[in-house]
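One structure is given here, and the rest of the page talks about it.
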């Protein structure tokens, strides 16, 4: 008998996260999306045309679909970046798609951070290092 196919992030093989009441944790989908973006970005860089990469993009699309309502409310800029990434991927523009995925990853990172207020940090300007000399 053949071996089962490898499991890819976002293929639905992950266990769902339940809260104490037995209901799905609404943030679990965002954490799963965050993980998928972290894994997919380097894969898209080194193997953009591979079937495995397409499968990972399909898994990401399914997760985005599941999280769409939550993203539209909590982080619409990340949702817009993800939609643009899928458009670029369909056009075969891997570098642009990857750039949008990285943008979405950064926005989700700020949203999911536990030690600072989430919404205030999202629009914080970048602080540049300046030489004292």
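In the working numbering, the protein residues as written are 46 to 178.
Glycine included, every Cβ here is placed at the ideal spot set by N, Cα and C.
These figures come from a predicted structure and were not determined experimentally.
Which residue wins for smallest C-alpha separation from residue 98, given the options 149, 135, 153? As a position in the chain shown, residue 98 is number 53, starting the count at 1. It is 135 whose Cα lies nearest to the Cα of residue 98.
Exposed unless 16 or more other CB atoms sit within 10 angstroms - verdict on residue 137: In the chain shown, the residue the question calls residue 137 occupies position 92. Classification of residue 137: exposed, given that the 10 Å Cβ count is below 16.
Given 7 Å as the limit, tell me if residue 158 has its C-beta closer than that to any heavy atom belonging to the ligand PLP. Among the components modelled here there is no ligand, and therefore nothing to report on the ligand PLP.
Would you identify the three-state DSSP class for residue 71, choosing helix, strand or coil? The residue you call residue 71 lines up with position 26 of the chain shown. Residue state, collapsed to three classes: coil.
Once the 5 residues before and after residue 147 are set aside, which same chain residues still bring their CB inside 7 Å of it? Counting from one through the chain shown, the residue named residue 147 turns up at place 102. The residues are 86.
Quick check on this structure: which residue in 80, 71, 70 has the alpha carbon closest to the alpha carbon of residue 154? Taking the chain shown and counting its residues from 1, the one referred to as residue 154 is at position 109. Ranking the options by Cα distance to residue 154, first place goes to 80.
Between which two residues does the alpha helix (DSSP H) holding residue 135 run? As a position in the chain shown, residue 135 is number 90, starting the count at 1. Unbroken alpha helix (DSSP H) run through residue 135: 121–135.
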